[in-house]
Structures are given as C-alpha cells and as structure tokens.
Amino acid sequence: MRITILAAIVLCLIGVGIYSIASNNKKEVEAVTAPKQLFVATDGDDENEGTKEKPLRTIQAAVDQSTAGTTVYIRGGTYTDGFEVAHSGAKEAPVIIRNFEDEEVVISGKDKVMEEDTALVNVDSKRYITIQGLTVQDLNADSPDFAVMGILITGNSSNINIIQNHIHHIGNTSDEGNAHGIAVYGTGKMEQIRVMDNIVEDLTLGLSEAVVLNGNIDGFAVTGNTVRHNNNIGIDLIGYEGTSEDPDADYVRNGTVQGNVVHDNSSYGNPAYGEDYSAGGIYVDGAKDIKIKANTVFRNDLGIEATSEHKGQYADNIEITENNVYENNYTGISIGGYDEERGGTKNSSITYNVLFRNDTKDLDGGQLLLQHDITGNDISHNVFTSSKTGLFISNYFKSNSSNTMTRNVYDKEENRENSWVWKQEEYNDFAEYQEATGQEEDSAYIEVHYMDVSSKDFTLKEGTTAQAVID
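What follows is the structure in structure tokens.
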C-alpha cells in the first residue's frame, strides 16, 4: 500500500513538472507572437514609447519597430513623411498599419523629394502585411524621369492586403509621364495579393493605370473598389512587359476582379493620348486564368477589354461574367488585339453580361468589339441593347476562328435599325446574320424588358422571353 502511495506521489510530481514545462513553452510562444500595439500621432515624439498616451511622431518610426503581430494605429491628421514597411508579419501574426478607429489619416506627398520611382507607401519583398484606412494624396510630377505612386508593392511580396484606402490626386503631367494609384509589380514571385474596398480617383496617369498588377503574380483578388475620374485605364492586369526576373512567369494569373465600380476613366485629353478614347475600365493585357465578375463599368472609353499588346501572346482563360457594362465611349467589351502587330484572346468566355448603350461617341465599337487573333472563345447568355448607332457586334478582322456565340439576346427597339459586323461583313437583318455566320442558333432578336433602366437596374423582368433565352 505504501509503495502504491509513493508511486502516485512520483507520478503527480512528474505531471506537475510536465505541466510547468508546457506552460513555460506556451508563454515563450506567446511572447513571440503576442499582439503588440504602437501609436503614432502628429503631436507625438519618436523618442516616446509608442503607447496611446505617449505616441511616436512618424509612421516610419513605428513601422521600423513593427515585428510580427504588431498593429500600428495612426491617429488622425496629416503626415508628410510616407513610409516603407520594414518587417514581415506571419500567418497568425500579421503586421497591420491602419488608421485608429474612424479617424482620418492623410499621407501627403506635397513635400516629398522625388526619386526615379517615388511612392508614399512602399512594401518591398514582405509577407503578411495589411495597409488599411489611409488617405494617400498629393504626389505630383511633371517629368518623364519620375514615376509617382500612392502605394507600391514590389519584389517577392506575398499575403499583402490593401484595404479601405482612399488614393487621390497622384499624377504626372508630362507627355511621357507615369503615375499609379496602387501599383503591384511582381519583379519576384508574388502570391495572395488583395486590393479591396479602396477608392482610387482623380489621378493624372500619363501612360499608366490607376490600379495595376504587373509581372509574376500568382493569386490575387481585386474586389469592391471604386475606381473613377482618372485619365487612363482603371484596373489593369499585365503580362509580358519584362517586369519579372523570370521571363517564363512574367504574367498575372489566378485571380478575381469582382464587385468593383469603375467609371469615368478616359484617356481623351491625356497629353500622352491626345484625343484618343483608349482607356479601358478593366483591362486584361496578357494575363491568364482570371475571373471578371459582377462589376459595374460605365462611362469609360472601353468597358472591359481582354487581349495582349505583345504579338504571339494572349489573354488566356479569362471569364467575363455577370457584369453590367453601359454607356462607355467606344465599346462595352472588347477582345483581341487592336492591330495585327498585337497578340490576342483565346479560350475565354463572355457570359451573362448586360451591355447597354455603349459606343456613345459613335466610334464603330458597338456593344461587343471582336478584334485581331481571337480563337476558342465562348460568347453566350448576354443581353445587348444598342446605342443610337444601332451596332451590336463590331468585327472588322478576319482572324476570328473557333469562336461560339449562342443564347444571346439582342434588344429589338422601335424605330431603331440594328446591325452586326462579322469578319468585315455587315448585316442589317438578324436572320441573315445568323445564316451567313453559322452563329447564334439559339439567340434572339426581341424586345428586352429591364426592371428599371432609369436607376440602371438591368435585371430582366420575370417571365419575359429574354430571360428564358439566356437562362
């Protein structure tokens, strides 16, 4: 009996020891990953501890101290220093740099010293970083020697979140200038890039784009953003420009562009383009495996465009679906290169979109523009309503092969003559167009009943013939 009691005591002591070791190990892990907060305020001091009561003065001082698990809270006010992220976070312990509560934080570039590439927020080869709730503004140049950007992500960065920021009045007024609101350049391999719920507006872009992902980027989401009133392309996904260190992976891929509102982006009057209407709202230029879904795209030059500007390269496996595309200057949706020295579009689909009264400038773009080198694409289950030009399909190239068009609805309106151009031949009769092209067997040329055009509700009314055709 005494032996049994002694054994029990020994086992108990061993258990206490094991618990103590485990507890100490847990504390060590918690010490490494425990959340940390740093505060920045315009009346702070970089010699302070960075607490809420004793904040730092500059954002850079805070991010220099921000190891994994740190949240930098920036108090309201205007900061003119900008910052570059110094340390990576971890999967369960990201570095978060954001405004405090609902206070307005302005990062201004008015006093920024220009370099060749100048950005107010820089993330270079970092992981698990979130930039949230900042207003980034007032960085301007007038020289082709400087590219100016609101937020720049580059190198081998991954798991980067750019969320709920407001980027405006970034610009370059030079004829050959470049500027971006948000620029993601995959010089090394990038993964899991998220650009979400930002407002990007009033930018003077020169030859560049408001929101751009370029180079070796595998896995991304551009969702819920408002991109408006810029003088070139709204959202751009690019490949084959020599951005990546690995030429075989020099293209954006495996991502989603969804739920964005993109409007009033036009190159007309941009010094780099003169009087050309050439700015796409959403543009895929040589990227692959991308879904463009449920976006609202209006009053741009082109609504949505997918192709490659480089001969022999393609926008490949691009799914353009469930978008409302209306009142754009040149055309609603475009695929294929704009001339025979460009690349094209293949293995892609355009489905369940509403294309409403595009080609407002009477530029022969129609609602759907089919250009050079398009092959293996599916165009089906869309609804088309023409502008005053009456042109639905504009296809002035013959390099159009193995493409399928079916179950589309063309809006037949009273007192409007409509036309379809297919491989340079124009048809003014729908049945003649069907017979000559061998396309659109299950499509219809009928009156369309939208729910409420005045409020841009393009939902088809229940029980209408148009709805039955596209379902």
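Numbering (UniProt numbering), first residue to last: 1 to 471.
A virtual CB, placed ideally from N, CA and C, is assigned to each residue, including glycine.
Predicted model, so just to flag it, every value in this text is computed and none were measured.
Cβ-based burial, residue i [other Cβ within 10 Å; buried from 16]
i, result
"residue 281", "buried"
"residue 113", "exposed"
"residue 371", "buried"
"residue 260", "buried"
"residue 143", "exposed"
"residue 454", "exposed"
"residue 51", "exposed"
"residue 299", "buried"
"residue 388", "exposed"
"residue 491", "Residue 491 is absent from the structure shown; the chain starts at 1 and stops at 471."
"residue 305", "buried"
"residue 103", "exposed"
"residue 451", "exposed"
"residue 177", "buried"
"residue 69", "buried"
Nonlocal neighbours in the same chain, by C-beta distance under 6 Å from residue i, ignoring five residues either side
i, result
"residue 380", "351, 406 and 407"
"residue 84", "122"
"residue 467", "460"
"residue 464", "449"
"residue 192", "158, 159 and 219"
"residue 78", "106 and 108"
"residue 167", "136, 150, 181 and 200"
Strand pairing of residue i, partner residues [DSSP]
i, result
"residue 246", "Residue 246 is not bridged to any residue."
"residue 87", "In DSSP, residue 87 forms no bridge with anything."
"residue 448", "For residue 448, which the question treats as bridged, DSSP gives no partner whatsoever."
"residue 194", "161 and 221"
"residue 320", "292 and 350"
"residue 298", "263 and 326"
"residue 179", "148"
Cα-Cα separation between residue i and residue j, rounded to whole angstroms
i, j, result
"residue 205", "residue 127", "28 Å"
"residue 201", "residue 236", "15 Å"
"residue 42", "residue 279", "39 Å"
"residue 210", "residue 431", "43 Å"
"residue 135", "residue 402", "48 Å"
"residue 94", "residue 285", "32 Å"
"residue 346", "residue 54", "58 Å"
"residue 82", "residue 120", "5 Å"
"residue 189", "residue 88", "16 Å"
"residue 344", "residue 39", "50 Å"
"residue 303", "residue 393", "15 Å"
"residue 32", "residue 65", "Residue placement at residue 32 cannot be trusted, given a pLDDT of 47 that sits under 50; what the coordinates show is reported in the next sentence. So the alpha carbons of these two residues sit roughly 14 Å apart."
"residue 141", "residue 435", "56 Å"
Same chain, Cβ closer than 7 Å to residue i, neighbours up to 5 away in sequence not counted
i, result
"residue 390", "416, 417, 418 and 419"
"residue 91", "128"
"residue 37", "71 and 73"
"residue 229", "201, 202 and 264"
Nonlocal neighbours in the same chain, by C-beta distance under 8 Å from residue i, ignoring five residues either side
i, result
"residue 442", "406, 407 and 469"
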